[in-house]
Structures are given as structure tokens and as C-alpha cells.
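Participant: Have a look at this one before I ask anything.
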């Protein structure tokens, strides 16, 4: 049972070490795909084991219904992105934007990033979780500056400094958590173990836990991209290579939010008996709602296609944060589903956007025109992807947003107005930019490129499937995660 | 309960922590990079001393290891590496006084007071000693943050970042007797990698904007691509 855990986490690490020694670009691309494939198989095995046994725990790892679904999602998006990145990065390398050494760095860091993500998800230790999330910054920061343009270096520096500061605050929160745990836990070596702390959550000192949560929320919230700590996100997404944007948006933000939710579970337990039992929830709701609304407005004024979609990511992360803050089985179920469909859709969009920028040779929205004429596959991919992310039925994002709206109406009716306004604003923002990009005449200079649309079709197909009918096993899975987080089941 | 009623060892620790806070102030208003690096190294030494005191009083052997790690990393390796980078980048004569020193120092003082206010909830149940140490280390963290805001020079920002790490470590050691070993190792590894990457970035930044004055990096504003 534990072998599956070890394999899932160690495959990308081994891949990173292996790729450091591979000089030939063509081979490295395939090895990258292969390692991601092995990781996905291991993660799926793990999912089957967890479905059978409930919880797999041991040697510092703990896999339950909540993180196993994120593990599988991470491994899956990692695989499809690596399939996309192989020809894409070869094109980038041939166009002279990066060197062979840069490509080697890219492959090593891609796997290192996957390793940190999977480690963060599977570990039971909140300290190791911190180390892994900081490691994710370190692994991706050199990739953001891969093209070495002044903009890329600036974006990378901003990313490094802002996330470094954010994550430092999260470490202070972790220290406070450990401090609170010392009065309760007898064996100090388990003082940061999540499962131990969860068992004794009600005895943890509420005043310290509240303070710790603020630090942890600001810290990990920086990585989630919550407004006003989001400044790094659009820059890093727009200047880094597109496969990186896909995994940052699809995976890193999720994992950071996962960390916040895990800690919220502890804090809720600790604060339950005080006069402000929903402090953590209210904080999440506030930050989430502000991010959701501000990012929706910012969508309108974007000129860079990747920047625009990174604001869309902030918007959706805000929505999920809000939903987790709302609590309750329905909202939590909706948020978990939204995490899933957002990751799939957003990484599909970034893949399509990568092809679109190669077709038009620019990231400027004003200069990408008539994609449907130049290359129908890419044009349709973008059109359907944006339709999905904007919450059109029958795509899965509609289902999850509908669930979230219902939950909001039940518990906080006034927020429904804000939610609907935000969704409409974001919808308008996306479509006013999308329309000229896909329809209309195409400029002469736009040439079709060799595009691998398989990942996009796969992702959008899954999102469509989830929108039409959520398969019973997945619904049960999400329901078990909901039960774990809220203590109540939806189904 | 006032400070002089604390056991001698704890008083000693509070003094060391206060000295670490003092080096934060020195770091903040130091105009020359080389002197700032020295101040940072001294802060590392003070944090090491605190760790040693906790280790010898509490009998937690793994803290001796952390002390060695801190000494090696924060007091020797990082200062040495920064020193070398500064020399390679020919910045050793670079001097950049603060724009408004009085205001910045006042802000730092305000941060210290804020830290004490923030840890007030702990006072009801906890010892005076713990509260002092947690407040001081939080102040070191926040002054590091302030330094990253007011300094426009990349090396100075890194010093601010690293002194934040010092503050965090101080909090971990003195308030909780050190984090579990695996976490401490992970954090040290991350700091080490971060330092190496910072070194890489100094060269990348210089290559792209010809200076390490990161204030000149302003291409990415909200409507940067209009231009």
C-alpha cells in the first residue's frame, strides 16, 4: 500500500535527477512524458487503494479522500502538460528564445516542480508541507525567467520576492501552530503532524491558533493568488513558458488552497468553543470575495492574452476560497468540484493559448485575430475553453458554480448578488476579448503551426462529461472528501 | 512579573534576542552593502548563540545540530557568498543611504510595538519570557519585510529576506525549542537553494537592466504592454 505513495512521490524526483544528465533534447522530452506517465499510474493505483482502505498513512505520509483526488488530478494535468510541452518547447528552442541548457533546466525543473506538488499533497507534516510549497517557488522561479527578456527577469524577481515573503509569513504561522501544539501533544516529534493535531484540535489554544491562521492565510494566500497579494501571479504567468503557466494555474494554486483548507480544519476545531467559531471561514470568505470581484474587473483591461487568463485564475481561486469559507457540505462539495474542473479547463486553455501565441507570434490580444480562419482546431479549442471557464452549460464549471450559488443562497443570501454580478462581469470581460480573437478575418502574417490538441480535447471532454453527469465513483469520492472537511455528507 | 524575576538563563536569552533585534536595525539603516552583510553575519551568530543556550539548557541534542547548521549557513556561508557576489559585481564601494532615515527607523520602532501588541493574546496563559521572545522574533521578521520594501537594491533586498528567515528561526528555537529535525533540514535546504538562485538572479538582473537597482524594473505594470 505504501509503495504506491513512495512511487508517486519519488518518480518525479528520480525523473528530475535523470533529466539533469540527459543532453539530447528529443530524448529529454520523451523521458519527461514517460516519468509523468509513471507518476499518473502510481497515483491511480493509490487512488484505488485509498478507495478500498479509506486512509493510507505511514512514514510521514497520509493519503485520504481529500488529497488523493488532488494527487490524481496533479499527476493527470502533469502528464497532459508534458505531452503538450514536448513539441511546444522544441519549437521555442528552435526559434531561439532559449538555449539547449535552458531546455535542460526546463525539464529538470518541471519534474522538480511536480515532485514538490506531490510531496505537499501527500505529506502529513505541516512543516514538510511548507518546505514543499516553498520548494515549488524555487523550482519554478528560474523557469519564469527562462527567456531572459527584461520583462521575464522582472517577473521572476517579483515572483521570488513576493512569494518568498508570503511563504516566510506562513512559516511564522507554522511556528505558532507548533507552539500551540506543544501544550497539548506529548510526543513533540508529532507536534506538526496534521492527523495528530486534528485529533486534539479542540484543545489547541484558540488565541494562538487564530493568530497562526492569519499568518498562514496571508502566507499561503499569496501563493493562491488572493487579492491583494496577487501581484506576482499575472506577471509570472504571462512571462514564463506556456506549459509552466498551465501547471502554475492548474496545480500550484490548488495545492496552496489545499494547504489553507487543511489548516482551516484545525483552526475550526480549536475555535469551535469560543465566541468567534467561524473566524477562519469569515476570513476566507472576505479574501475570496474580494479576489473574485477585483480579478473579474481586471479581466476587462488586459492587453496580454496570458495575463488575462491568469486574472481569470485569480477570479476562480477567489470563488473557491469563498466557498471553502462558507463551509457546509454543499459549498464544500461545490468547491472541490470547482477545483477539479477549473484545473482541467484552465490548463487546456493555456495549452491552446500557447498555440495561439505561436500562430500570431505575439501575446498581445490586439494582434491575435481570426483564429478560426487560420487554424480552426486552435480557434475552436479557445472558444470552447473560454465558454467552459465562463460557466456555460453543459460544461462542468457551470455545475460547480451552480452548486456554489445554491449554497450561498442557503446560508448567506446577500452574497448571491455579489456572486452573480462577479460572474457576469468576468463573463463579459472574457468574451469581449475572445470574440475578435477567434472570429473575423485573419491577418496575413498568421500561419498555422503544428498543434497537438489532444490534451485540450481530453481536458475539455472530461469537463463536459462532468457537466453532463458526474460519475458515481467520483461523486462518492468528492462526498467522502466533503465529509472529511465538514464532518457532514452531502449524498 | 517583571524581567528580573526570570531565571538567569532566560534573561540571557532575552538579551541575545534583543541584540539580534538591534542588528536588524543596524541592517536596516546601513548604507554600504559590505557593512550590511557584516551586520547580517552578526545576526546569524546571535541566533546561533540563542540556539546553543536553548540546546544546553533543555538537553535537546538535535538543537546542537541546528546551531551548527545556523552558524554554517547564516553566519558563514550566506555572508561569504554575498560578499563574493558583491565583489564580482563590483558593488563593494556601492553606498546608498536611505531616502528618509528617520521615517524608516520610526516605522521599524512602530513595527516592534505592533509585534508586542499582536502577541498580547498569548500573555494571558503564557510566560512573560515566551511573549518577549515571540514578539522580538516577529519584530525581526517584520523589519526584514520593511527592509525589502524601502531598499531598492537587489542585494539589500536579499539581506532583508534572509534576516526574515533569521527571525523565523529565532521564533522556532526560542518559543518552541526548535521545530522537528526534518522540518528544520527542509527549511535550511530551501534557504540554501534560495541563496543560490538569488545569486543567479543578480547576474540575470544586471544583464537585463545594467544595474541591480530593482526600482528600475518597471516594465510590467498593469497596462505595461501599451507602450
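Protein chains in written order, with my numbering: chain A, 1 to 491; chain B, 1001 to 1227. For each residue, glycine too, the CB sits at the ideal point set by N, CA and C. Owing to the predicted nature of the structure, the values given are computational and were not obtained by experimental measurement.
1. Who are the near neighbours of residue 383 of chain A in its chain, counting only those whose CB is closer than 8 Å to its CB and skipping five residues on each side?
2. Strictly below 7 Å CB to CB, what residues from chain B border residue 14 of chain A?
3. Could you tell me if residue 1220 of chain B is buried or exposed, where buried requires 16 or more neighbouring beta carbons within 10 angstroms of its beta carbon?
4. Could you check whether the Cβ of residue 368 of chain A sits closer than 7 Å to any heavy atom belonging to the ligand FMN?
5. Nearest by alpha-carbon distance to residue 1087 of chain B: which of B/1067, B/1096, B/1037, B/1107 is it?
6. Quick one: what's got a C-beta closer than 8 Å to residue 493 of chain A's C-beta in the same chain, skipping five residues either side?
7. Just verifying my parser: in three-state terms, what is the DSSP assignment at residue 240 of chain A?
8. Between residue 283 of chain A and the rest of its own chain, which residues show a CB-CB distance below 8 Å, the 5 nearest in sequence each way excluded?
9. Only counting the same chain, and skipping five residues up and downstream in sequence, which positions put a Cβ closer than 6 Å to that of residue 71 of chain A?
10. Classify residue 62 of chain A: buried if its beta carbon has 16 or more other beta carbons within 10 angstroms, exposed otherwise.
11. Closest to residue 110 of chain A by CA distance: which of A/24, A/342, A/13 is it?
12. How would you list, in chain order, the residues of chain B whose beta-carbon sits under 8 Å from the beta-carbon of residue 429 of chain A?
13. Taking any Cβ of chain A, which residues in the region 1186–1209 of chain B have a Cβ under 8 Å from it, in chain order?
14. Which of the three DSSP states, helix, strand or coil, is assigned to residue 452 of chain A?
15. Would you call the region 219–237 of chain A in contact with the region 98–105 of chain A, where contact means no fewer than 3 C-beta pairs closer than 8 Å?
16. Could you compute how far the alpha carbon of residue 256 of chain A sits from the alpha carbon of residue 288 of chain A?
17. Along the region 1025–1041 of chain B, where does the CB come closer than 8 Å to a CB of chain A? Name the residues.
18. Is the region 1042–1056 of chain B in contact with the region 1013–1024 of chain B, if contact means three or more CB pairs nearer than 8 Å?
19. With H, G and I counted as helix, E and B as strand and the rest as coil, what does DSSP make of residue 170 of chain A?
20. Looking only at DSSP bridge pairs, what is residue 304 of chain A linked to?
21. Which residues, taken in chain order from the region 222–256 of chain A, show a beta carbon closer than 9 Å to some beta carbon of chain B?
22. Taking the alpha-carbon positions, what's the residue 1169 of chain B to residue 1055 of chain B distance?
23. Can you pull out the residues from the region 196–213 of chain A whose beta carbon lies closer than 7 Å to at least one beta carbon of chain B?
24. Under a CB-based cut-off of 8 Å, is residue 480 of chain A close to chain B?
25. Select from B/1131, B/1194, B/1138, B/1104 the residue whose C-alpha is nearest the C-alpha of residue 1151 of chain B.
26. Just tell me which of A/35, A/2, A/56, A/65 has its CA closest to the CA of residue 489 of chain A.
27. Among residues of its own chain, excluding the 5 on either side of residue 1226 of chain B, which ones have a beta-carbon nearer than 7 Å to its beta-carbon?
28. Is residue 58 of chain A helix, strand or coil when you go by DSSP?
29. For the structure I just gave you, are there three or more beta carbon pairs, one from the region 376–393 of chain A and one from the region 453–460 of chain A, closer than 8 Å?
30. So, using beta-carbon positions, are residue 180 of chain A and residue 115 of chain A closer together than 8 Å?
31. How big is the Cα-Cα spacing for residue 184 of chain A and residue 203 of chain A?
32. Mark residue 1106 of chain B as exposed unless 16 or more other C-beta atoms lie within 10 angstroms of its C-beta, in which case mark it buried.
33. Under 7 Å between beta-carbons, which chain B residues line up against residue 61 of chain A? List them in chain order, please.
34. How far does the alpha helix (DSSP H) with residue 221 of chain A in it extend, from its first residue to its last?
35. For residue 1201 of chain B, collect the residues of the same chain with a Cβ closer than 8 Å to its Cβ; drop the 5 residues on either side in sequence, then sort them by chain order.
36. With 7 Å as the limit, tell me which residues of the region 1140–1151 of chain B have their beta carbon closer than that to any beta carbon of chain A; keep them in chain order.
Facilitator: Quick answer:
1. 372, 434, 438
2. Within 7 Å Cβ-Cβ: nothing; residue 14 of chain A doesn't reach chain B, min ~18 Å.
3. buried
4. This structure lacks the ligand FMN, and indeed carries no ligand of any kind.
5. B/1037
6. A question about residue 493 of chain A goes unanswered here, because the residues of chain A that appear run from 1 up to 491.
7. coil
8. 213, 214, 217, 325
9. 43, 121
10. buried
11. A/13
12. Per Cβ cutoff of 8 Å: no residues; residue 429 of chain A is ~14 Å from chain B at best.
13. 1186, 1187, 1189, 1190, 1193, 1194, 1197, 1198, 1200, 1201, 1204, 1205, 1207, 1208, 1209
14. coil
15. no
16. 14 Å
17. none
18. yes
19. helix
20. A/364
21. 234, 235, 238, 239
22. 14 Å
23. 205, 207, 208, 211
24. no
25. B/1104
26. A/65
27. Here the model assigns residue 1226 of chain B a pLDDT of 39, short of 50, so the residue's position is not dependable and the matter cannot be decided.
28. strand
29. yes
30. no
31. 7 Å
32. exposed
33. Near residue 61 of chain A there are no residues of chain B at all, since even the closest Cβ is about 12 Å away, more than 7 Å.
34. 206–224
35. 1154
36. 1141, 1145, 1148
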